[in-house]
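Asks: Structure incoming, see below.
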Amino acid sequence: MSMPLPSIYPFIHYADPEAALRFLKQAFGCEERVVYRKPDGALAHVELTLGHGLVMFGGAEGGRLKMAASKQVPLKNLGIYVVVTDPDALYARAKAAGASIAMELHDTDYGSRDFSALDPEGNIWSFGTYQPLAVTPPKG
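Numbered according to this note's numbering, the sequence shown spans residues 130 to 269.
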């Protein structure tokens, strides 16, 4: 039985999408799924995978949605959570790549092992073993 395709895909606008692409691959182990470039070579749209997840991003010009670049927004009100099988190894990889650690590696009271790091423009990326869809929510 094949798993259905996800229906929620986060997207981010970066002031420097080339730097974001390099960082996300080096620090977090993201892999390029597709990279579209404009005629002048600038990044237009990127899709990166990590495990079974996918995140999309592009440059800060904002397009039709008139979005600001991540670093232009002083306080973030959302983050990206990624389920990983070995958060200790990814934590070491992120630190070695110079990621700013926002929340140190720790065990949670709900059975996960988590940490959070910032990308170069201050977006919060959290990683852990908690798999939301594998847990039965409480009734009530």
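Glycine included, each C-beta is placed from N, C-alpha and C at the ideal position.
Smallest Cα separation from V184: which of N252, Q260, A263 and K268?
Replies: For the set N252, Q260, A263 and K268, the Cα lying nearest the Cα of V184 is the one of N252.
Asks: Which ranges would you report for the beta strand (DSSP E) in the stretch 178 to 257 if only whole runs of at least 3 residues count?
Replies: 182 to 188, 208 to 212, 229 to 236, 242 to 247 and 253 to 257
Asks: Starting from I137, follow the beta strand (DSSP E) in both directions and report where the run begins and ends.
Replies: Where I137 is concerned, there is no enclosing beta strand (DSSP E), given that its DSSP letter is neither H nor E.
Asks: Give me the Cα-Cα distance between L172 and A228, rounded to the nearest whole angstrom.
Replies: 22 angstroms
Asks: Cβ of P261 within 7 angstroms of Cβ of I209?
Replies: no
Asks: Residues bridged to Y275 by DSSP?
Replies: The structure shown has nothing for residue 275, since the chain only spans 130 to 269.
Asks: Taking only the alpha-carbon atoms, compute the straight-line gap between E160 and G187 and give it to the nearest angstrom.
Replies: 15 angstroms
Asks: Contact check, T258 vs P203 under 8 angstroms by CB: the rounded distance?
Replies: Wrong, their Cβ atoms sit about 31 angstroms apart, outside the cutoff.
Asks: Residues in its own chain within less than 6 angstroms of A156 by CB, not counting five upstream and five downstream?
Replies: A223, A226 and A228
Asks: Distance check for A246 and D169, CA to CA, integer angstroms please.
Replies: Between D169 and A246, the C-alpha separation is close to 32 angstroms.
Asks: So K154 is in the alpha helix (DSSP H); what residue range does that whole segment cover?
Replies: Secondary structure note for K154: its alpha helix (DSSP H) is the uninterrupted segment P146 to F157.
Asks: Can you check which of these residues, S241, T237 and I141, is closest to E176 by C-alpha distance?
Replies: I141
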